[in-house]
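Asker: Protein chains in written order, with our numbering: chain A, -14 to 80; chain B, 110 to 612. Quick one: this structure, given as structure tokens, is what I'll be asking you about.
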Amino acid sequence: MSLNIADVEKVARLARLAMSEQEMQAAQTQLSNIFGLIAEMQAVDTTGIEPMSHSQDLSQRLRSDTVTATNQREAFQSIAPQVEQGLYLVPQVIE
Amino acid sequence: MRRGGFPLPPSLFPLPLKEMINTSLTQMGAALRAKQISSVELTQSYLDRIAAHNPQLNAFITVNPEVSLAQAREADVRLASGTAEALTGIPFAQKDIFCAKGWLTTCGSKMLHNFVSPYDAHVISQFNNAGAINLGKTNMDEFAMGSSNETSYFGSVKNPWDTSRVPGGSSGGTASAIAARLCAAATGTDTGGSIRQPAALCGISGLKPTYGVVSRYGMIAFASSLDQAGPMARSAEDLALMMNVMSGFDERDSTSLQRETEDYARDLNKPLNGLRIGLPKEFFATGLDNDVALAVQAAIDEYKKLGATVVDISLPNSKLSVPVYYVLAPAEASSNLSRFDGVRYGYRAPEYTDLADMYEKSRAQGFGEEVKRRIMIGTYVLSHGYYDAYYLQAQKIRRLIAQDFTEAYKHCDVIMGPTSPSTAFKLGEKGDDPVQMYLSDIYTIAVNLAGLPGMSIPCGFGANNMPVGLQIIGNYFEEARMLNVAHQYQLATDWHTLTPNAL
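Set out below in structure tokens:
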């Protein structure tokens, strides 16, 4: 299977990755090769086979709805790129 | 076919400090508790070795001697007070994928080049509680995506047996550090072979436990349904001691299994009489280098001498494991790595116009090529209209692959084969073709897909005098038996005791 440039552009946008024209062309070739490898999977008959996500087929455990974590705002914000008065700063979103 | 390296003398106590680095964790712990050596002395001797050899090997991203020595002083207090445990005072290294409070934790990425973790991963807490010393954070492929350690933002790691060759990946820094005796032992993680393949390429021992046995809390996520942490060391006996510390239920990991505590060293000394070894024909077919095949065959012959019998088995769907893996792992990675947005921690691009531009530029500049490639594969296979054809189909074939193993274990106790189709390749050799690199994990990936435990132990040398690894795959929760199988081999052979000549 091969991807066209429009596919690559769409995927880059969905994945929030800025890419130059040149990078997209390189990605097109490499991704097409990888999808060539993956294509082998399509011919397998999996009728009636249940998908597997955990080897022990566990369902997600539930916990009681109580507060367990302590507030660590200062520790967490000390490693943020930009904060002000306890808030994370990002470019203006709403005019 | 022994070449290179030299056998080490049998250990007798008290040993001079420079020989202490070649003793087992059991002997090291005993020497510490008997006050033949202090943790500060031992830690300093490893820090000296790191200072001497790391500039060449690049196995560590971060060392912090003051912090390590402070931990060693605390361990010495504990050793003096008689409350020491098996690993108290022993210096370990930690793969840089584990968050460690106050330590730079990069995951091999520019995205986290400035991330000082505000908390400890479960695995790190377990080592801290045991009184172990953290010598530093080991280099790795960026976000554990790679099989050669060449995708690290912090530069390639070198294989101590030949510094023009790769150590394997993604736990390549850990494997290189252990082979060069820059730490007593260390941690790794394995999503598609990242403990076993570098262990094989660097001539050390490594164990990927059954999925769910070691908590993933604080271990930076790559592909959550496959990621599993495990120990890497010189011998199976050392791995067993580390498993006793690393394993156990943790409510902070939703996939952690609630099981009785076990002593992974309990079966080490059992004889192997009657052990049935399954040899999958698919693991000895085209694609396996002859030198690797010869060393693995010699190891199997050794097992026959130890009382084992051999059974031919088949894992017919294992050939699909690479394509299945390259759908599932990137899909989960694209979701896990969406958290890196330049807002709360990590890298933010210096210039941007608006919020979307900030996300796109921060991610484009913060992630390396291989990581971006996998995010894009994952984004594509999860995008509208493709989910059933890719992700769901891959999850169904995953079950077929797991069922092959269940069927095989009706006829054998453990499965053996090569860990990797070749010995360590040259840096840069697999260059620009990701598919070639992906195929180097052909024998390890099926184990992750099935969630089974797998290990690699050194079993000789191949062409160019590079180490070969024997892969041992066990049934679910059979780690103690696998460690027994590996330990008995290591009592009968000395491959695991050999060290690179240059060191």
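Glycine is no exception: its CB is placed at the ideal position from the N, C-alpha and C atoms.
Rounded C-beta distance between residue 244/B and residue 292/B? I'm assuming under 8 Å.
Answerer: So it is a contact: roughly 5 Å between Cβ atoms.
Asker: Assuming residue 182/B is part of the alpha helix (DSSP H), what are its boundary residues?
Answerer: From DSSP, the alpha helix (DSSP H) with residue 182/B extends over 174 to 190.
Asker: Beta-carbon of residue -10/A versus every beta-carbon of chain B: anything under 9 Å?
Answerer: It does not; no Cβ of chain B falls within 9 Å.
Asker: Using Cβ-Cβ distances below 9 Å, what residues of the segment 595 to 607 of chain B are close to chain A?
Answerer: Result list empty, no residue passes.
Asker: Residues of chain A with CB closer than 8 Å to the CB of residue 364/B, please, in chain order.
Answerer: By Cβ distance, chain A contributes 39 and 43.
Asker: If residue 592/B sits next to residue 377/B, beta carbons under 8 Å apart, how far is it from one beta carbon to the other, in whole angstroms?
Answerer: Rounded, the Cβ-Cβ distance is 6 Å, consistent with contact.
Asker: Could you compute how far the alpha carbon of residue 408/B sits from the alpha carbon of residue 430/B?
Answerer: Going from the Cα of residue 408/B to the Cα of residue 430/B covers about 25 Å.
Asker: Are the segment -5 to 13 of chain A and the segment 24 to 33 of chain A touching, with three or more C-beta to C-beta distances below 8 Å?
Answerer: Verdict: no, contact absent.
Asker: Within the same chain, show all residues whose beta-carbon is closer than 8 Å to that of residue 530/B, passing over the 5 residues directly before and after it, in chain order.
Answerer: 396, 397, 398, 401, 548, 549, 551 and 552, listed in sequence order.
Asker: Give me the residue from 461/B, 325/B, 345/B and 374/B with the minimum Cα distance to residue 361/B.
Answerer: Of 461/B, 325/B, 345/B and 374/B, the residue nearest in Cα terms is 325/B.
Asker: Residue 58/A versus chain B: which residues are under 8 Å apart at the beta carbon?
Answerer: What residue 58/A touches in chain B: nothing, since even the nearest Cβ is about 11 Å away.
Asker: Quick one: measure Cβ to Cβ for residue 584/B and residue 518/B, integer angstroms, because I've assumed they're closer than 8 Å.
Answerer: Confirmed, about 5 Å.
Asker: Measure from the C-beta of residue 561/B to each C-beta in chain A and report whether the shortest distance is under 9 Å.
Answerer: It does: the Cβ of residue 561/B has a partner Cβ on chain A nearer than 9 Å.
Asker: Measure from the alpha carbon of residue 294/B to the alpha carbon of each residue in 247/B, 254/B and 263/B, then state which is nearest.
Answerer: Closest by alpha carbon: 247/B.
Asker: Would you mind reading off the limits of the alpha helix (DSSP H) that contains residue 243/B?
Answerer: Note, residue 243/B: premise wrong, no alpha helix (DSSP H); beta strand (DSSP E) at 242 to 247.
Asker: Could you name the residues of the segment 462 to 492 of chain B whose beta carbon sits closer than 7 Å to any beta carbon of chain A, in the order they occur along the chain?
Answerer: Answer in chain order: 463, 464, 467, 468, 469, 470, 472, 473, 481, 482, 484, 485, 486, 488, 489 and 492.
Asker: If the cut is a Cβ gap below 7 Å, which residues of chain A does residue 527/B touch?
Answerer: Simply none; closest approach about 21 Å.
Asker: Give me the chain A residues within the contact set of residue 66/B, using Cβ-Cβ distance strictly less than 7 Å, ordered along the chain.
Answerer: No statement about residue 66/B is possible, as the shown extent of chain B runs from 110 to 612 and does not include it.
Asker: Around the Cβ of residue 197/B, are there at least 16 other Cβ atoms within 10 angstroms (buried) or fewer (exposed)?
Answerer: Buried, by the Cβ-count rule.
Asker: At a CB-CB cut-off below 9 Å, which residues of chain B make contact with residue 72/A?
Answerer: Near residue 72/A there are no residues of chain B at all, since even the closest Cβ is about 11 Å away, more than 9 Å.
Asker: Are the C-beta of residue 52/A and some C-beta of chain B separated by less than 9 Å?
Answerer: Chain B, which has no Cβ nearer than 9 Å to the Cβ of residue 52/A, makes this no.
Asker: Taking the CB atoms as reference points, tell me whether residue 556/B and residue 204/B lie closer together than 9 Å.
Answerer: No; because the gap between Cβ atoms is not below 9 Å, this pair is not in contact.
Asker: Would residue 643/B and residue 321/B qualify as a contact pair, given that the criterion is a beta-carbon distance under 9 Å?
Answerer: This structure cannot speak to residue 643/B, because chain B is shown only from 110 to 612.
Asker: Within the chosen definition, does the segment 436 to 448 of chain B reach the segment 329 to 344 of chain B through at least 3 CB pairs nearer than 8 Å?
Answerer: As far as the Cβ criterion goes, the segment 436 to 448 of chain B touches the segment 329 to 344 of chain B, which means the pair count is three or higher.
Asker: Would you give the residue range spanned by the alpha helix (DSSP H) that residue 543/B belongs to?
Answerer: Counting along the chain, the alpha helix (DSSP H) containing residue 543/B begins and ends at 543 to 547.
Asker: Please check the pair residue 354/B and residue 235/B, which I expect to be a contact at CB under 8 Å, by giving their CB distance rounded to whole angstroms.
Answerer: Yes, residue 354/B and residue 235/B are in contact; Cβ-Cβ is about 5 Å, under 8 Å.
Asker: So within the segment 189 to 232 of chain B, which uninterrupted beta strand (DSSP E) runs reach at least 3 residues, ignoring any that extend past its ends?
Answerer: DSSP runs (the beta strand (DSSP E)) wholly in the segment 189 to 232 of chain B: 200 to 204.
Asker: Run through DSSP, which three-state label would residue 613/B get?
Answerer: Here chain B covers residues 110 to 612 and nothing more, so residue 613/B does not appear.
Asker: Drop a sphere of 10 angstroms on the beta-carbon of residue 64/B, count the other beta-carbons inside from all chains shown, and report buried for 16 or more, exposed for fewer.
Answerer: What the structure shows of chain B is the stretch from 110 to 612, and residue 64/B is not part of that stretch, so it cannot be assessed.
Asker: Residues of chain A with CB closer than 9 Å to the CB of residue 125/B, please, in chain order.
Answerer: Per Cβ cutoff of 9 Å: no residues; residue 125/B is ~43 Å from chain A at best.
Asker: Below 8 Å between beta carbons is the criterion; list the residues of the segment 500 to 526 of chain B that meet it against any residue of chain D, in chain order.
Answerer: Note that chain D does not occur in the displayed structure, where the protein chains are A and B.
Asker: Is residue 77/A close to chain B? Criterion is C-beta to C-beta, closer than 9 Å.
Answerer: Interface residue, yes.
Asker: Residue 224/B touches chain A at which residues, Cβ-Cβ below 9 Å?
Answerer: Result: 64.
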